[in-house]
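The end of the sequence shown is residue 203 by the numbering used here, with every number in the run present.
In this text, a Cβ means the ideal position worked out from N, Cα and C, and glycines have one as well.
Quantities reported herein were computed from a predicted structural model and do not represent experimental measurements.
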Amino acid sequence: MDRFLGHVTNRIDAKGRVSVPAYFRSLIQKAGHTELYALRSLHLPAFDVGGPDFLTRYDGRLESEDPFAETADDMSFYLNADGAFLKLDQDGRITVTDFIREHTGISSDVTFAGANTHFQMWQPEHFEEHRTRVRQRLAERRQAGQQAANGAGAPPQRGTE
Numbered sequence: 043m044d045r046f047l048g049h050v051t052n053r054i055d056a057k058g059r060v061s062v063p064a065y066f067r068s069l070i071q072k073a074g075h076t077e078l079y080a081l082r083s084l085h086l087p088a089f090d091v092g093g094p095d096f097l098t099r100y101d102g103r104l105e106s107e108d109p110f111a112e113t114a115d116d117m118s119f120y121l122n123a124d125g126a127f128l129k130l131d132q133d134g135r136i137t138v139t140d141f142i143r144e145h146t147g148i149s150s151d152v153t154f155a156g157a158n159t160h161f162q163m164w165q166p167e168h169f170e171e172h173r174t175r176v177r178q179r180l181a182e183r184r185q186a187g188q189q190a191a192n193g194a195g196a197p198p199q200r201g202t203e
């Protein structure tokens with residue numbers, strides 16, 4: 043299964059480098075990538091990271107926009123000025139730059155989290171907080187769905203009042 047799955051927390055070394063998890067590296071190498079593109083999440087204190095194909099998907103979306111529209115300008119800025127290239131060294135490490143640290147709050151450790159076609163880089167505590175919120179939202183949706191399926195909370199039907 044070729045997808046980024048799971049999460050791993052690794053320590054940043056004294057030179058500011060961190061090892062990309064072995065499984066993630068294997069997917070990157072299988073795709074033939076040596077450079078990665080990191081894009082700041084718009085709504086989370088995390089970076090979305092992937093190979094050239096990750097960026098190409100966004101480029102395709104940008105190309106579908108009216109080139110004179112503000113949305114196209116915003117997307118172009120986001121893709122080209124608000125991201126960074128990350129180079130994998132021979133040992134599978136990347137440098138955690140100030141750009142990444144400032145957006146994420148990363149200091150000594152990085153949590154790498156799978157996101158199917160790409161992965162995310164998080165400050166570990168922010169990742170755990172987000173994971174807790176996501177699980178809570180999903181549990182609430184599941185409960186609401188079960189209640190709806192059981193008729194709880196449904197409006198009374200005509201003639202039964």
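Local conformation of residue i per DSSP, three classes
i: Gln162; result: strand
i: Glu77; result: strand
i: Lys72; result: helix
i: Ser106; result: coil
i: Gly147; result: coil
i: Asp90; result: strand
Nonlocal neighbours in the same chain, by C-beta distance under 6 Å from residue i, ignoring five residues either side
i: Thr202; result: Confidence is the limiting factor: at Thr202 the pLDDT is only 48, short of 50, which leaves the residue's position unreliable and the question unanswerable from this model.
i: Phe141; result: Ala126
Residue burial classification, residue i (beta-carbon count within 10 angstroms, cutoff 16)
i: Ala111; result: exposed
i: Ser68; result: exposed
i: Thr146; result: buried
i: Gln188; result: exposed
i: Asp44; result: exposed
i: Gly48; result: exposed
Chain-order list of residues whose beta-carbon lies under 8 Å from that of residue i (same chain, five-residue window excluded)
i: Met117; result: Tyr100, Arg103, Leu104, Glu107
i: Arg135; result: Asp55, Arg59, Val60, Ser61, Val62
i: Asp131; result: Arg59
Per DSSP, cross-strand counterpart(s) of residue i
i: Thr137; result: Arg59
i: His85; result: In the DSSP output, where bridge partners are listed per residue, His85 has none listed.
i: Gly125; result: Leu81
i: Val176; result: In DSSP, Val176 forms no bridge with anything.
i: Phe154; result: Val50, Met163
- prompt: Taking contact to mean at least 3 C-beta pairs separated by less than 8 Å, is the segment 149-156 in contact with the segment 52-60?
  reply: Counting Cβ pairs under 8 Å, three or more are found: they touch.
Touching by the beta-carbon criterion (3+ pairs, under 8 Å), the segment 70-85 and the segment 174-187: Not touching, per the Cβ criterion.
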